[in-house]
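Taking it in order: structure first as structure tokens, then the write-up.
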Amino acid sequence: MITMMRFIQKMSVTMMILAVVATAAAGTEISGFVQGLYGYGSDRNNPVPSELTASEVRLQMRLESYSDAAEYFGRLDFVYDDYLEPEYRMILREGYLKFSVGSNVDMKIGRQVITWGTGDLIFINDLFPKDYQSFFAGRDDQYLKSPQNAVRATFYGGPGSLDIVYTPRFAPDITPTGERFSYYNPMEGGYVGGEGFIMDPALPDAEVANGEVAARYSKYIGTIDAALYYYRGFYKGPVGMAPDPADPATMTAFYPGLQVFGASLRSPVLGGVFWTEGGYYDSLDDSEGDDPFIPNSSIQSLVGFERAVNQSFTANIQYQNIMITDHDRYLETLPMGMNEEDEMYHLLTSRMTMLFLMETLNVSLFGFYSPSEEDFYGRMAVSYRFTDEVTMVVGANVFESADPWTKFGMFDRNDNVYMKFTYGL
Amino acid sequence: MNWKKERSEKVKSPSSDERMLPASGGRVWSIAMGVAVALMLTLAQFSPVAAEEVAAGNSAAGNSAAQENTVPDAAQLMKEAHLVMFYAADDGVAEVQMKIVNSRGKERLREFAMMRLDLEEGGKQDYYTYFRKPHDVSRMSFMVHKLPKETDNRWIYVPSVDLIKRISSDDKASSFVGSDFTYEDISGRHWTEDTHKLLKEDTYNSRKVYVVESIPLEKYKGFARKVTFIDAENKLIMKEEYYNAKGDLARIFTAERVEEHDGVLTSVFRKMENVKKKQYTTVEFSSIRYNVGMKESIFTERFLKNPPREFIK
């Protein structure tokens with residue numbers, strides 16, 4: 000009750016601020032949506048405390064304001080979520096200031112969502128945080144990208160443009176923690192979730208040296224979008240294991256250091272669009288490749304092609320390859336009984352989008368399949384637009400795997416179906 | 000032939016009686032939403048009539064269409080109509096409201112701002128569309144580098160995820176997803192891709208029009224035969240009838256209201272009727288401005304992500 004009172008207080012204050020700002024500035028707009036999302040986990044053997052994967056109502060308010068000198072944008076989510084215990088949340092998804100310095104530099108400062116790279120749901124050089132929990136739960140696509148508090152500067156010039164993003168505090172991916180979705184725990188040798196298994200890995204210490212730096216140089220050459228990338232920070236997921244400082248007998252997950260150099264190309268070709276991207280993942284905390292509890296350095300690459308098959312059907316296909324370097328050394332140091340990773344990882348994906356009834360009915364399918372790990376993750380969604388304001392979506396997330404320790408096999412117990420209603424203005 | 004516009008040749012606006020064109024019957028755009036909408040509108044955006052351009056076009060081609068007592072050449076007429084429809088002034092910006100009405104009378108509304116810059120008269124153009132409504136596409140922007148007779152380059156920016164996506168555009172001959180509207184209806188089908196024949200001189204809404212029949216040189220999904228009604232004086236396309244391979248009338252376009260903005264005659268209210276599906280779409284332009292001094296640098300990734308506020312409020 001108290002949390003609810005606080006929530007209502009916060010919300011009403013925010014509304015007042017929004018209203019005042021809106022009337023004060025001429026170039027100001029308020030918009031948003033209300034959305035209900037209800038999901039059900041269909042695997043009876045899922046060791047999580049709730050059979051529901053989602054039961055939430057969300058109000059998103061957007062505020063946009065601009066003058067000649069600068070622009071402000073805010074996006075605030077109020078969520079009532081009772082998939083397990085009733086809970087209120089207020090999330091500042093975006094809140095940034097945008098302005099130009101001179102005629103060639105744009106600055107964007109604050110909480111923001113950043114995306115780059117060419118892959119479709121495969122990220123090599125995009126090391127900005129992702130929210131896979133929202134992704135698996137059927138929230139809108141925008142929630143896959145998690146915001147970060149950052150300063151972004153973009154320099155535009157004749158030879159191309161240069162983006163530099165500095166994020167003072169490391170922003171990790173949000174992956175299943177065992178609360179809403181279960182995961183495979185190799186230490187336990189099984190799928191875990193619920194009390195005692197809620198994963199809460201420690202972030203890197205709050206030190207200036209632990210900030211993230213990401214940069215991109217891009218240029219449009221002929222009809223080709225070309226780019227070079229650099230990143231220095233940490234793996235976005237807790238992929239390292241180390242003895243717990245408090246209890247050295249147990250291992251705890253952490254975010255190992257990472258540096259990435261990459262490049263990408265994208266161009267129209269053969270009536271469609273082709274893209275390719277590559278990156279060298281320099282595993283800073285295991286540069287020799289001799290620590291079996293930290294990923295070795297790797298070379299990642301992808302190619303993709305998309306085209307409209309006919310007027311209402313668009314399809315794409317992608318192939319990703321990850322090659323682990325120093326694989327021999329990794330095998331030498333791997334303790335007995337631990338699952339060994341192949342030197343080469345292969346992944347195929349495909350997206351299909353079909354539009355019917357003057358685009359009011361949208362059917363979309365996305366499949367990930369790894370022939371090397373023999374696992375599969377499929378996303379299906381059918382959305383119907385009743386009016387310009389009201390949309391309904393019915394969707395499903397399906398995991399299939401041969402082994403539980405693979406990339407998608409880890410989440411194999413989390414199959415779910417969901418329903419979503421949105422009213423937007 | 001060089002169609003590059005001589006910008007200095009521009010002359011003053013037409014007289015008022017030229018622009019007071021009466022409204023006429025329906026043309027239906029059957030419309031796609033989202034990106035498809037973006038695209039088509041992008042291109043359909045301005046169908047203005049500029050008397051000065053007609054004059055410039057005439058003199059450049061050395062044609063006698065302007066002379067009342069000579070029978071004009073059909074191909075020349077179509078070229079002039081194309082330039083008037085798709086290349087008015089050097090640049091333009093407008094707010095667009097699109098209404099899609101299905102056979103049961105159910106309406107859907109789209110709102111967006113559009114910008115266009117001509118790089119070559121009758122040739123390269125850049126387009127920019129900024130969506131306002133509906134809510135799920137609001138703040139998205141869409142950019143096209145149009146290259147006549149080649150594949151266009153298209154990008155879309157989705158601000159909620161800061162994503163720039165390139166869109167394949169091999170759909171010139173096919174209709175947009177779920178709509179009866181083809182890409183080439185919008186971006187302008189180059190006049191050299193059809194053979195043209197002047198059928199007759201006629202009267203349409205009390206004005207003298209030339210009626211031209213066009214047959215594609217190569218088999219084309221969009222139409223097998225098209226009949227265009229071109230205003231004899233200002234070369235504005237007043238009506239188009241699209242016939243399919245069976246000879247049936249499939250769609251009808253009409254210019255419903257014409258106004259002068261910045262000295263350029265513009266059909267500000269248009270209708271596309273899909274005869275088969277018994278549905279139609281109207282497009283209305285407002286806040287129209289021409290020759291605002293738009294730069295080519297606007298049509299780059301920088302402004303795709305940051306809508307230029309001097310043109311798009």
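These protein sequence lines map, in sequence, to chains S and A.
According to numbering that gives the first Met the number 0, the first sequence holds residues 0 to 424 in order.
According to numbering that gives the first Met the number 0, the second sequence holds residues 0 to 312 in order.
No residue lacks a Cβ here, since even glycine has one placed at the ideal position from N, Cα and C.
Residue i burial status per 10 Å Cβ neighbour count (16 or more: buried)
i: V208 (chain A); result: buried
i: V308 (chain S); result: exposed
i: T386 (chain S); result: exposed
i: T202 (chain A); result: exposed
i: S102 (chain A); result: exposed
i: L161 (chain A); result: The question names Leu, yet the displayed sequence has Asp at residue 161 (chain A). So D161 (chain A) ends up on the buried side.
i: G246 (chain A); result: exposed
i: A73 (chain A); result: buried
i: L42 (chain A); result: Low per-residue confidence applies at L42 (chain A): pLDDT is 40, beneath 50, and the placement is therefore not dependable enough to give any value.
i: N361 (chain S); result: buried
i: D290 (chain S); result: buried
i: R109 (chain A); result: buried
i: R26 (chain A); result: Low confidence applies here, because R26 (chain A) scores a pLDDT of 34, under 50, leaving its location unreliable; read the following figure in that light. Its Cβ being crowded by 16 or more others within 10 Å, R26 (chain A) is buried.
i: S58 (chain A); result: Reliability of the predicted coordinates at S58 (chain A) is poor, the pLDDT of 40 falling under 50, and no value is obtained from them.
i: Y183 (chain S); result: buried
i: Y156 (chain A); result: buried
Under 8 angstroms by beta carbon: chain A residues contacting residue i
i: V272 (chain S); result: R165, I166 and S167
Residue i: contacting residues in chain S (beta-carbon distance under 7 angstroms)
i: L162 (chain A); result: T114
i: R308 (chain A); result: Y65
i: N243 (chain A); result: Result: empty, since nearest Cβ-Cβ is about 15 angstroms, beyond 7 angstroms.
i: N273 (chain A); result: Per Cβ cutoff of 7 angstroms: no residues; N273 (chain A) is ~10 angstroms from chain S at best.
Per-residue contacts from residue i into chain A (C-beta, under 7 angstroms)
i: Y449 (chain S); result: No answer is possible for residue 449 (chain S): it lies beyond the span of chain S, which begins at 0 and ends at 424.
i: T275 (chain S); result: Correct list: empty, because the minimum Cβ distance to chain A is about 13 angstroms.
i: E305 (chain S); result: S167
i: Q141 (chain S); result: S159 and V160
Interface partners of residue i on chain S, CB under 9 angstroms
i: R107 (chain A); result: M357, T359, R384, T386 and D387
i: N290 (chain A); result: Under the 9 angstroms cutoff, chain S gives no residues; its nearest Cβ is about 22 angstroms from N290 (chain A).
Interface partners of residue i on chain S, CB under 8 angstroms
i: K312 (chain A); result: G26
Partners in chain A for residue i, counting only beta-carbon separations shorter than 9 angstroms
i: G423 (chain S); result: P133, H134, D135 and S137
i: K144 (chain S); result: S159, V160, D161 and L162
i: D105 (chain S); result: R301, K304 and N305
Near the ligand FAD: residue i beta-carbon under 7 angstroms from a heavy atom
i: M142 (chain A); result: Questions concerning the ligand FAD fall outside what the structure shown contains, since it holds no ligand whatsoever.
For the stretch 372–379 of chain S and the stretch 393–407 of chain S, state whether three or more C-beta atom pairs, one from each stretch, are separated by less than 8 angstroms.
yes
Could you run through the stretch 24–58 of chain S and flag, in chain order, every residue whose CB is less than 7 angstroms away from some CB of chain A?
G26, S30 and F32
In chain order, each beta strand (DSSP E) run of at least 3 residues that lies wholly inside the stretch 229–285 of chain S
239–242, 250–253, 256–268 and 271–282
Could you give the uninterrupted runs of the beta strand (DSSP E) lying entirely in the stretch 210–285 of chain A, keeping only those of 3 residues or more?
224–230, 236–242, 248–260 and 263–273
Report the residues of the stretch 377–388 of chain S with a CB closer than 9 angstroms to any CB of chain A, ordered along the chain.
Listed in sequence order: R384, T386, D387 and E388.
contact_flag[the stretch 64–71 of chain S, the stretch 81–89 of chain S] where n(CB pairs < 8 angstroms) is 3 or more:
no
As an exercise, report each continuous beta strand (DSSP E) stretch of at least 3 residues that is fully enclosed by the stretch 51–84 of chain S, in chain order.
Segments of the beta strand (DSSP E) lying fully in the stretch 51–84 of chain S: 51–65 and 69–80.
Which ranges would you report for the beta strand (DSSP E) in the stretch 97–149 of chain S if only whole runs of at least 3 residues count?
Here the runs fully enclosed are 104–111.
According to a CB-to-CB cut-off of less than 8 angstroms, which residues of the stretch 110–138 of chain A neighbour chain S?
Considering only beta carbons, the part of the stretch 110–138 of chain A lying closer than 8 angstroms to chain S consists of K132, P133, H134, D135, S137 and R138, in chain order.
So if I threshold CB-CB distances at 7 angstroms, which residues from the stretch 146–162 of chain A count as touching chain S?
T150, N152, S159, V160, D161 and L162
With 9 angstroms as the C-beta to C-beta threshold (strictly closer), list the residues of the stretch 211–230 of chain S near chain A in chain order.
S217, Y219, T222 and D224
Counting only runs of 3+ residues fully inside the stretch 351–391 of chain S, write out the beta strand (DSSP E) ranges in chain order.
Within the stretch 351–391 of chain S, the complete beta strand (DSSP E) runs of at least 3 residues are 360–369 and 374–384.
Three-pair Cβ contact test at 8 angstroms for the stretch 407–416 of chain S versus the stretch 36–45 of chain S:
yes
Any contact of the stretch 233–242 of chain A with the stretch 251–264 of chain A, i.e. 3+ C-beta pairs under 8 angstroms?
Contact holds between the stretch 233–242 of chain A and the stretch 251–264 of chain A, because three or more Cβ pairs, one in each stretch, are under 8 angstroms apart.
Indicate whether the contact test is met: 3 or more Cβ pairs, each with one atom in the stretch 169–187 of chain S and one in the stretch 199–213 of chain S, closer than 8 angstroms.
yes
Determine, using beta-carbon pairs with one atom in the stretch 190–199 of chain S and one in the stretch 128–144 of chain S, whether at least three such pairs fall under 8 angstroms.
The stretch 190–199 of chain S makes no contact with the stretch 128–144 of chain S, as fewer than three CB pairs between them are under 8 angstroms.
Relative to chain A, which residues along the stretch 155–175 of chain S have a C-beta separation below 8 angstroms, given in chain order?
The residues in question are Y155 and S160.
With three or more C-beta pairs closer than 8 angstroms as the rule, is the stretch 109–125 of chain S touching the stretch 296–316 of chain S?
yes
Please identify, using Cβ separations under 7 angstroms, the residues of the stretch 248–269 of chain S that lie next to chain A, in order along the chain.
R265 and P267
Tell me, please, whether the stretch 328–338 of chain S touches the stretch 356–366 of chain S by the rule of three or more beta-carbon pairs shorter than 8 angstroms.
The stretch 328–338 of chain S vs the stretch 356–366 of chain S: no contact.
Spell out a yes or no on whether the stretch 291–302 of chain S and the stretch 143–151 of chain S are touching, meaning 3 or more CB-CB pairs, one atom from each, closer than 8 angstroms.
No, because fewer than three Cβ pairs between the stretch 291–302 of chain S and the stretch 143–151 of chain S fall closer than 8 angstroms, the two stretches do not touch.
Answer yes if the stretch 98–116 of chain S comes into contact with the stretch 48–61 of chain S, meaning at least three C-beta pairs across the two stretches below 8 angstroms, and no otherwise.
no
How do the stretch 216–230 of chain A and the stretch 186–198 of chain A stand: do at least 3 beta-carbon pairs fall below 8 angstroms, yes or no?
yes
Could I get the ranges of all uninterrupted beta strand (DSSP E) runs contained in the stretch 140–209 of chain S, with 3 residues as the minimum, in chain order?
Contiguous beta strand (DSSP E) elements confined to the stretch 140–209 of chain S occur at 147–156, 159–166, 182–184 and 189–191, taking only those with 3 or more residues.
Under 8 angstroms: do the stretch 259–277 of chain S and the stretch 213–226 of chain S share three or more Cβ pairs, one atom per stretch?
yes
Please confirm if the stretch 261–268 of chain S is in contact with the stretch 232–250 of chain S, defined as three or more CB-CB distances below 8 angstroms between the two stretches.
no
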